[in-house]
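Each number in this note's numbering corresponds to the 1-based position in the sequence shown with 33 added.
Note that beta-carbon positions come from the ideal geometry of N, C-alpha and C, so glycine has one too.
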Amino acid sequence: MNTAQIDPLTKLINKACLLDLISTKLEYPNVMNKLALIYIQFDELHRFNDVFGYDIDDRLLAQLSSKIEDILEIDMLLARVGNQELAILMSSDMVKDKSYQLSEKIIHLLREPFCIDDNMFYISASIGISIISSNISDAYKLLKTAENTMRKAQKSGSNNIAFTKLVNDDSIKKEIELMRDLPSAIDNGEIYFVYQGQYSHDKGGFTGAEMLARWEHPKYGYISPFIFITLAEKSGMIAPLTIKLLIEASKMFEKLDSNGIDDFSLSVNISPVVLMEKSFYDTVEFLLDSYGLRGRNLTFEIMEDTLSENIDNFATLLQKFKDLGINIAIDDYGTGHTSLSYLINLPIDYIKIDRSFVTNIDKETKKFLLLKSIIDMANTLDMRVIIEGVEEYSEDDLIKMFKDMTIQGYLYCKPIKAEEFITKVK
Numbered sequence: 034m035n036t037a038q039i040d041p042l043t044k045l046i047n048k049a050c051l052l053d054l055i056s057t058k059l060e061y062p063n064v065m066n067k068l069a070l071i072y073i074q075f076d077e078l079h080r081f082n083d084v085f086g087y088d089i090d091d092r093l094l095a096q097l098s099s100k101i102e103d104i105l106e107i108d109m110l111l112a113r114v115g116n117q118e119l120a121i122l123m124s125s126d127m128v129k130d131k132s133y134q135l136s137e138k139i140i141h142l143l144r145e146p147f148c149i150d151d152n153m154f155y156i157s158a159s160i161g162i163s164i165i166s167s168n169i170s171d172a173y174k175l176l177k178t179a180e181n182t183m184r185k186a187q188k189s190g191s192n193n194i195a196f197t198k199l200v201n202d203d204s205i206k207k208e209i210e211l212m213r214d215l216p217s218a219i220d221n222g223e224i225y226f227v228y229q230g231q232y233s234h235d236k237g238g239f240t241g242a243e244m245l246a247r248w249e250h251p252k253y254g255y256i257s258p259f260i261f262i263t264l265a266e267k268s269g270m271i272a273p274l275t276i277k278l279l280i281e282a283s284k285m286f287e288k289l290d291s292n293g294i295d296d297f298s299l300s301v302n303i304s305p306v307v308l309m310e311k312s313f314y315d316t317v318e319f320l321l322d323s324y325g326l327r328g329r330n331l332t333f334e335i336m337e338d339t340l341s342e343n344i345d346n347f348a349t350l351l352q353k354f355k356d357l358g359i360n361i362a363i364d365d366y367g368t369g370h371t372s373l374s375y376l377i378n379l380p381i382d383y384i385k386i387d388r389s390f391v392t393n394i395d396k397e398t399k400k401f402l403l404l405k406s407i408i409d410m411a412n413t414l415d416m417r418v419i420i421e422g423v424e425e426y427s428e429d430d431l432i433k434m435f436k437d438m439t440i441q442g443y444l445y446c447k448p449i450k451a452e453e454f455i456t457k458v459k
């Protein structure tokens, strides 16, 4: 490639070169539904210039480009297509799933701060994905469709992903099949539950676990929880799945009892779709009484973004569950937009701090201080802290400096089935 095809700031190919490459790929046979373009727009990088220097936006874009390029596979190509915009061209037989998974990785990457001149910057973005299909058959249209799809994602707020609606897409057929198979998968055990232990430094052992759903499909194999939970929410099967989860929690409490493991908590994720159903409170009350869950150390985990979007409705509702003896935890704290005033007024027992606040705290002083400030705030509000995603001893050693910390991460326990988990914690 000549210099006219390379962006001088990011050293990536430019928009014109990308369009040429797409056009070349379109000449290959059987390209339909195997070629995708991911369009990324970062939110107002230039706003940092007034405070931190005139070129901070350029330096951030260069750093963002480098970090995204590091997570790409061999069949993926990154380009700069606008002032604060990048695009990824990728080809795969499973292009819809892979493009979405990559977009999720990018959103997760943005949860960590980017450092320039000892200053930490938190970046957000919107992502649109378009796939070559019978109604998108030329390079410019693929790019424009991805950009327009990104605009739709923007309307839902920062760090959102949107897909082009496709025609004759095999992955749509797969989605329909999965949706069709969901009810039987819930009933016959294809969807099962694993347990990730929560380790207390102070007590020197496991004091709880988070229950996580897994699906092993007979045709498609492992299905990502993000995919099948989303399908369950769309299809109305999220309520039956949640009921099964709570029944399995009751069985697990009995197994823990029979193995002499007491004073143990189980946490379950509750979808906002279920939480806002009028009948859910009554269902929970019935399950507490009918399955021996009343009086158990049960925690409902609610995503932080859920609370920030529906704060007024949730305060009263969460208190009703608290009155039933259920603990309330905010999951992935720090990745959403919950203000301090909201935290003060919500009946919250636990804050689960997202891994993005833990990674490299042994190397980045400001990041460690940020983690400390969140822990101090939680202590002030009489909320207990669970730190997620701890994977390195160097991270754990620093966390041990704080009192009453609970750790959930691969360093202590990966998600495992019930029998293996009980053996581990006995």
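Considering only C-alpha positions, which residue in the set Gly325, Leu110 and Ser98 is nearest to Ile55?
Residue 55 sits at position 22 when you count from the first residue of the sequence shown. Comparing Cα-Cα distances from Ile55 to each of Gly325, Leu110 and Ser98, the minimum goes to Leu110.
Suppose contacts are defined by Cβ-Cβ distances below 7 Å. Is Lys333 in contact with Ile303 by that definition?
For the purposes of this step, residue 333 is taken as the residue at position 300 of the sequence shown. For the purposes of this step, residue 303 is taken as the residue at position 270 of the sequence shown. It is worth fixing the name first, because residue 333 is Phe in this sequence and not Lys. Yes, they are a contact pair.
Check Cys50 in the structure and name its three-state DSSP category.
One-based indexing of the sequence shown puts residue 50 at position 17. Helix.
Find the nearest neighbour of Asp365 within the set Ala348, Gln352 and Ser389, judged by alpha-carbon distance.
Numbered from 1 along the sequence shown, position 332 holds the residue referred to as residue 365. When each option's Cα is compared against that of Asp365, the closest is Ser389.
Is Tyr160 near Ile73, with beta carbons less than 7 Å apart?
Working through the sequence shown from its first residue, we reach residue 160 at position 127. Working through the sequence shown from its first residue, we reach residue 73 at position 40. Before going on, a small fix: residue 160 reads as Ile here, not Tyr. Yes; because the gap between Cβ atoms is below 7 Å, this pair is in contact.
Given 8 Å as the limit, is there contact between the stretch 172-184 and the stretch 140-154, that is, 3 or more CB pairs closer than that?
no
Pair every Cβ in the stretch 38-56 with every Cβ in the stretch 93-111, then say whether three or more of these pairs are closer than 8 Å.
yes
Assuming Leu245 contacts Pro448 under a Cβ cut-off of 8 Å, what Cβ separation, rounded to an integer in Å, is found between them?
By 1-based counting over the sequence shown, the position of residue 245 is 212. By 1-based counting over the sequence shown, the position of residue 448 is 415. With a Cβ gap of about 5 Å, Leu245 and Pro448 count as contacting.
Just to confirm before moving on: does the CB-CB distance between Val391 and Ile359 stay below 7 Å?
As a position in the sequence shown, residue 391 is number 358, starting the count at 1. As a position in the sequence shown, residue 359 is number 326, starting the count at 1. Going by C-beta atoms, Val391 is not nearer than 7 Å to Ile359.
At which residues does the beta strand (DSSP E) containing Asp364 begin and terminate?
In the sequence shown, the residue the question calls residue 364 occupies position 331. Looking at the DSSP string, the run of the beta strand (DSSP E) that includes Asp364 is Asn360 to Tyr366.
Within 10 Å of its beta-carbon, does Val84 have 16 or more other beta-carbons around it, so buried, or fewer, so exposed?
Indexing the sequence shown from 1 puts residue 84 at position 51. Result: exposed.
Pull up the DSSP beta-bridge partners for Thr439, would you.
If you number the sequence shown from 1, residue 439 lands on position 406. In DSSP, Thr439 forms a bridge with Ser233 and Ile419.
Determine the contact status of Cys50 and Gln229, defining contact as a CB-CB distance below 7 Å.
Taking the sequence shown and counting its residues from 1, one reaches residue 50 at position 17. Taking the sequence shown and counting its residues from 1, one reaches residue 229 at position 196. It is not a contact, given that the beta carbons lie outside the stated cut-off.
Grouping DSSP H, G and I as helix and E and B as strand, with all else coil, what is Ile139?
As a working mapping, residue 139 is identified with position 106 in the sequence shown. Helix, per DSSP.
Among Asp295, Ile280 and Pro305, which has the Cα closest to the Cα of Ile262?
Sequence index remark: in the sequence shown, residue 262 carries index 229 (1-based). Nearest C-alpha to Ile262: Pro305.
Assuming Ile384 and Ile363 are in contact, meaning their beta carbons sit under 8 Å apart, how far apart are those beta carbons, in whole angstroms?
Position 351 of the sequence shown, counted from the first residue, corresponds to residue 384. Position 330 of the sequence shown, counted from the first residue, corresponds to residue 363. Indeed, because the Cβ distance is near 5 Å, the residues count as touching under 8 Å.
With the cut-off set at 7 Å, would you say Ser493 and Ala179 are in Cβ contact?
As shown, the chain starts at 34 and ends at 459. That puts residue 493 outside it, with no answer to give.
Is Lys67 closer than 7 Å to Val114 when the C-beta atoms are compared?
For the purposes of this step, residue 114 is identified with residue 81 of the sequence shown, where counting begins at 1. For the purposes of this step, residue 67 is identified with residue 34 of the sequence shown, where counting begins at 1. Their beta carbons are not under 7 Å apart, which means Val114 does not touch Lys67 by this criterion.
In this structure, what does DSSP give as the bridge partners for Arg113?
The residue given as residue 113 occupies position 80 in the sequence shown. Looking at the DSSP output, Arg113 bridges to Leu119.
DSSP state of Val227, grouped into three classes?
The residue given as residue 227 occupies position 194 in the sequence shown. Val227 falls in the strand class under three-state DSSP.
Out of Leu331, Glu318 and Glu118, point me to the one whose CA is closest to Arg184's CA.
Residue mapping note: residue 184 aligns to position 151 of the sequence shown, counting from 1. Nearest to Arg184 by alpha-carbon distance, out of Leu331, Glu318 and Glu118, is Glu118.
Can you find the residues in the same chain that come closer than 6 Å, C-beta to C-beta, to Leu350, ignoring five residues on each side of it along the sequence?
Locating residue 350 in the sequence shown gives position 317, where the first residue counts as 1. No residues qualify anywhere along the chain.
Which whole-angstrom value describes the C-beta separation of Leu320 and Leu279, a residue pair presumed to lie in contact below a C-beta threshold of 8 Å?
Residue mapping note: residue 320 aligns to position 287 of the sequence shown, counting from 1. Residue mapping note: residue 279 aligns to position 246 of the sequence shown, counting from 1. Going by Cβ atoms, the distance from Leu320 to Leu279 rounds to 5 Å, so yes, they are a contact pair.
Just reading off the beta strand (DSSP E) that Ser298 is part of, what are its end residues?
Within the sequence shown, numbered from 1, the residue matching residue 298 stands at position 265. Where Ser298 is concerned, the enclosing beta strand (DSSP E) stretches over Ser298 to Asn302.
Return the first residue and the last residue of the beta strand (DSSP E) that Thr413 is part of.
Within the sequence shown, the letter at position 380 stands for residue 413. Note, Thr413: premise wrong, no beta strand (DSSP E); alpha helix (DSSP H) at Thr398 to Thr413.
For Glu60, which of Ile165, Arg213 and Ser132 has the nearest alpha-carbon?
Taking the first residue of the sequence shown as 1, we reach residue 60 at position 27. Of the candidates Ile165, Arg213 and Ser132, the one whose C-alpha sits nearest the C-alpha of Glu60 is Ile165.
Determine the extent of the beta strand (DSSP E) in which Ser159 is found, giving its start and end residues.
Position 126 of the sequence shown, counted from the first residue, corresponds to residue 159. Element bounds for Ser159: Ala158 to Ile164.
Measure the C-alpha to C-alpha separation of Ala348 and Pro380 and round it to an integer number of angstroms.
On the sequence shown, residue 348 is found 315 positions in, with the first residue counted as 1. On the sequence shown, residue 380 is found 347 positions in, with the first residue counted as 1. For Ala348 and Pro380, the distance between alpha carbons rounds to 7 Å.
Please go through the same chain and pick out, in chain order, the residues whose beta-carbon is closer than 8 Å to the beta-carbon of Lys433, but skip the five residues on each side of it.
Mapped onto the sequence shown, residue 433 falls at position 400. Correct list, in chain order: His234.
Output yes or no for whether 7 Å exceeds the beta carbon distance between Leu75 and Ala195.
For the purposes of this step, residue 75 is taken as the residue at position 42 of the sequence shown. For the purposes of this step, residue 195 is taken as the residue at position 162 of the sequence shown. Before going further, note that residue 75 is Phe rather than Leu in the sequence given. Cβ atoms of Phe75 and Ala195: not closer than 7 Å.
Hey, would you say Ser298 sits closer than 7 Å to Gly241, going by beta carbons?
Position 265 of the sequence shown, counted from the first residue, corresponds to residue 298. Position 208 of the sequence shown, counted from the first residue, corresponds to residue 241. Yes, these two residues count as a Cβ contact at 7 Å.
Alpha carbon to alpha carbon, how far is Glu249 from Tyr255? Give it in angstroms, no decimals.
The residue you call residue 255 lines up with position 222 of the sequence shown. The residue you call residue 249 lines up with position 216 of the sequence shown. Rounded to the nearest angstrom, the two C-alpha atoms are 5 Å apart.
I'd like the list of long-range same chain contacts for Ile276, defined as Cβ closer than 8 Å, with 5 residues on each side in sequence excluded.
The count along the sequence shown starts at 1 and reaches residue 276 at position 243. Same-chain partners within the cutoff: Thr316 and Leu320.
Have a look at Asp91 and Lys267 and give me their C-alpha separation to the nearest angstrom.
Here the question's residue 91 lines up with position 58 in the sequence shown. Here the question's residue 267 lines up with position 234 in the sequence shown. The alpha-carbon atoms of Asp91 and Lys267 are separated by roughly 40 Å.
Between Gly269 and Tyr324, what straight-line distance do the alpha-carbon atoms span, to the nearest angstrom?
By 1-based counting over the sequence shown, the position of residue 269 is 236. By 1-based counting over the sequence shown, the position of residue 324 is 291. Cα to Cα, the separation comes out at about 23 Å.
If you follow the beta strand (DSSP E) that Leu70 is in, where does it begin and where does it stop?
Translated into the one-based positions of the sequence shown, residue 70 becomes position 37. Element bounds for Leu70: Leu68 to Phe75.
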